[in-house]
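Quick notes on the structure that follows.
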Amino acid sequence: MRWALSRKRGAPDGLWMKCPSCEAMVYRKVVEEGLHTCPECQFHFRISAAERVDHLLDADTFEPLFEELESIDPLGFKGKKSYKEKLKKAQEATGHREAALFGTGKIAGKQVVFGIIDPNFIMGSMGSVVGEKIARGAEHAYDHKLPLIIISGSGGGARMEEGILSLFQMAKTSAAIKRLQDAGGIYIAVLTNATMGGSMASWAALGDITIAEPQALLGFAGPRVIAQTVRQELPPGFQTSEFLLEHGFLDQICHRKELRQRLVSMLRYTCADMPVAEKPQQKRHTAKIAKTNKVQAGT
Ligand SMILES: [Zn+2]
Numbered sequence: 000m001r002w003a004l005s006r007k008r009g010a011p012d013g014l015w016m017k018c019p020s021c022e023a024m025v026y027r028k029v030v031e032e033g034l035h036t037c038p039e040c041q042f043h044f045r046i047s048a049a050e051r052v053d054h055l056l057d058a059d060t061f062e063p064l065f066e067e068l069e070s071i072d073p074l075g076f077k078g079k080k081s082y083k084e085k086l087k088k089a090q091e092a093t094g095h096r097e098a099a100l101f102g103t104g105k106i107a108g109k110q111v112v113f114g115i116i117d118p119n120f121i122m123g124s125m126g127s128v129v130g131e132k133i134a135r136g137a138e139h140a141y142d143h144k145l146p147l148i149i150i151s152g153s154g155g156g157a158r159m160e161e162g163i164l165s166l167f168q169m170a171k172t173s174a175a176i177k178r179l180q181d182a183g184g185i186y187i188a189v190l191t192n193a194t195m196g197g198s199m200a201s202w203a204a205l206g207d208i209t210i211a212e213p214q215a216l217l218g219f220a221g222p223r224v225i226a227q228t229v230r231q232e233l234p235p236g237f238q239t240s241e242f243l244l245e246h247g248f249l250d251q252i253c254h255r256k257e258l259r260q261r262l263v264s265m266l267r268y269t270c271a272d273m274p275v276a277e278k279p280q281q282k283r284h285t286a287k288i289a290k291t292n293k294v295q296a297g298t
């Protein structure tokens, strides 16, 4: 396996599906046409890294970087399952080696460094490889004077199976992003459900512009843990995108269907070398990606 993009999603198969947020029975095709959002309440379903690439980048422009990196098991960690087993299972389920997928690609013709943390890979938690890819992504953006865009999906926060090594990544990613920003580079953070723990306490919160998908759970410790610790009832909607926007932590909330165009606008505001007009988009076809994977899988 060199690298591969899987389209595994969080929803079961069938013509109809139940929205976990509003509990309405919704027609799967309508959900899919809405880029995996509920037509009733706009709940955003979990999607794979491949779908993010399809939705946001110009067709066939994604070139992966740092794909040689693969986690080791530094602590010989064993819980119900060993860390090695968890990694293997996640690799098989997602088709890629780690939760972070980084590369270069184009948005409306503008070259960017693009990163996605896949929530389907050990809850998108940040171990040494995820941290290293984020730091290298920021360094690549710095070296080549490119905007950095990272789509988070790190419900797992820092990866406990790597102990202190995963916590090191908070400082490393933050330093690399600061260096990019100090040099005048731009970092756009897109926060998706859920982004928590060490990820939210470092790279995910450092965007020059921070955009979130609606109803995403964003925070450090989970709401249940906080409620038990402070022994107080938490305000309604605590740690949701809407709550954080109201309290000044986010710049914008953006529906997934509008996210690409929003990123185009942001790049236009911030990049002097942005191509003037967007070429009409070809339909993003998954077949080409699948074909690419096949070739790369054999290398
Ligand atoms: Zn719903």
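Going by numbering that gives the first Met the number 0, the sequence shown opens with residue 0, and the numbers climb by one from there. Where a beta carbon is used, it is the ideal one built from N, C-alpha and C, also for glycine.
Buried or exposed by the 16-neighbour rule on C-beta atoms within 10 Å, applied to Ile-148: The count along the sequence shown starts at 1 and reaches residue 148 at position 149. Ile-148 comes out buried.
Host beta strand (DSSP E) of Val-111 (start-end): By one-based count along the sequence shown, residue 111 stands at place 112. Element bounds for Val-111: 109–116.
Segments assigned alpha helix (DSSP H), at least 4 residues, entirely inside the region 214–290: When DSSP assignments are scanned along the region 214–290, the uninterrupted stretches of alpha helix (DSSP H) that are 4 or more residues long and fall wholly within it turn out to be 222–229, 240–245, 255–269.
Helix, strand or coil at Glu-62 [DSSP, three-state]: For the purposes of this step, residue 62 is identified with residue 63 of the sequence shown, where counting begins at 1. Note: Glu-62 maps to strand in three-state DSSP.
As assigned by DSSP and simplified to three states, the class of Trp-2: Your numbering for residue 2 matches position 3 in the sequence shown. Per-residue confidence for Trp-2 stands at a pLDDT of 37, beneath the threshold of 50, marking its modelled position as unreliable; no derived number is given.
Selected residue, minimal CA-CA separation from Arg-27, among Met-16, Cys-21, Pro-274, Gly-130: Counting from 1 along the sequence shown, the entry for residue 27 is found at position 28. Ranking Met-16, Cys-21, Pro-274, Gly-130 by Cα distance to Arg-27 puts Met-16 first.
According to DSSP, residues forming a beta bridge with His-143: As a first step, residue 143 is located in the sequence shown; it is residue number 144 there, counting from the start. Per DSSP, none; premise fails for His-143.
Coil, strand or helix - Arg-135 by DSSP: The sequence position of residue 135 within the sequence shown is 136, counting from 1. Arg-135: helix per DSSP, three-state reduction.
Selection from Ala-220, Thr-194, Ile-150, Val-129 that minimises the alpha carbon distance to Lys-171: Along the sequence shown, read from residue 1 onward, the residue named residue 171 stands at position 172. Here the closest residue by C-alpha is Val-129.
Where Ser-20 sits in the DSSP three-state scheme: In the sequence shown, residue 20 corresponds to position 21, counting from 1. Coil.
Within 8 Å, strictly: CB atoms of Thr-191 and Ser-151: Taking the sequence shown and counting its residues from 1, one reaches residue 191 at position 192. Taking the sequence shown and counting its residues from 1, one reaches residue 151 at position 152. Contact: yes.
Sheet register partners of Ile-176 (DSSP bridge): Indexing the sequence shown from 1 puts residue 176 at position 177. DSSP, once it has assigned bridges, lists no residue as partnering Ile-176.
Limits of the unbroken alpha helix (DSSP H) element including Leu-86: As a position in the sequence shown, residue 86 is number 87, starting the count at 1. Here the alpha helix (DSSP H) through Leu-86 covers 82–93.
Close Cβ partners of Gln-227 (< 8 Å) along its chain, the five nearest in sequence each way excluded: Here residue 227 is taken as the residue at index 228 of the sequence shown, counted from 1. So the list is empty, once near-sequence residues are dropped.
Same chain, Cβ closer than 8 Å to Leu-258, neighbours up to 5 away in sequence not counted: Here the question's residue 258 lines up with position 259 in the sequence shown. Here the set comprises His-54, Leu-55, Val-189, Ile-210, Glu-212.
Environment of ligand 1 in chain order, Cβ to heavy atom below 6 Å: Cys-18, Ser-20, Cys-21, Ala-23, Cys-37, Glu-39, Cys-40, Phe-42
In chain order, each beta strand (DSSP E) run of at least 3 residues that lies wholly inside the region 148–216: With a minimum length of 3 residues, the continuous beta strand (DSSP E) runs that stay inside the region 148–216 are 186–190, 208–211.
For His-43, the residue or residues it bridges with in DSSP: Taking the first residue of the sequence shown as position 1, residue 43 is located at position 44. Partner(s): Thr-36.
Leu-55, enclosing alpha helix (DSSP H) - first and last residue: Indexing the sequence shown from 1 puts residue 55 at position 56. Where Leu-55 is concerned, the enclosing alpha helix (DSSP H) stretches over 48–55.
Pairwise C-alpha distance: Lys-105 and Val-111: Counting from one through the sequence shown, the residue named residue 111 turns up at place 112. Counting from one through the sequence shown, the residue named residue 105 turns up at place 106. Between Val-111 and Lys-105, the C-alpha separation is close to 6 Å.
Three-state secondary structure (DSSP) of Ile-71: On the sequence shown, position 72 is the one that residue 71 refers to. Looking at Ile-71 - three-state DSSP - the assignment turns out to be coil, as it is neither helix nor strand.
Distance between Ala-174 and Leu-14 (C-alpha atoms, nearest Å): Taking the sequence shown and counting its residues from 1, one reaches residue 14 at position 15. Taking the sequence shown and counting its residues from 1, one reaches residue 174 at position 175. Using only the alpha carbons, I get a separation of about 47 Å.
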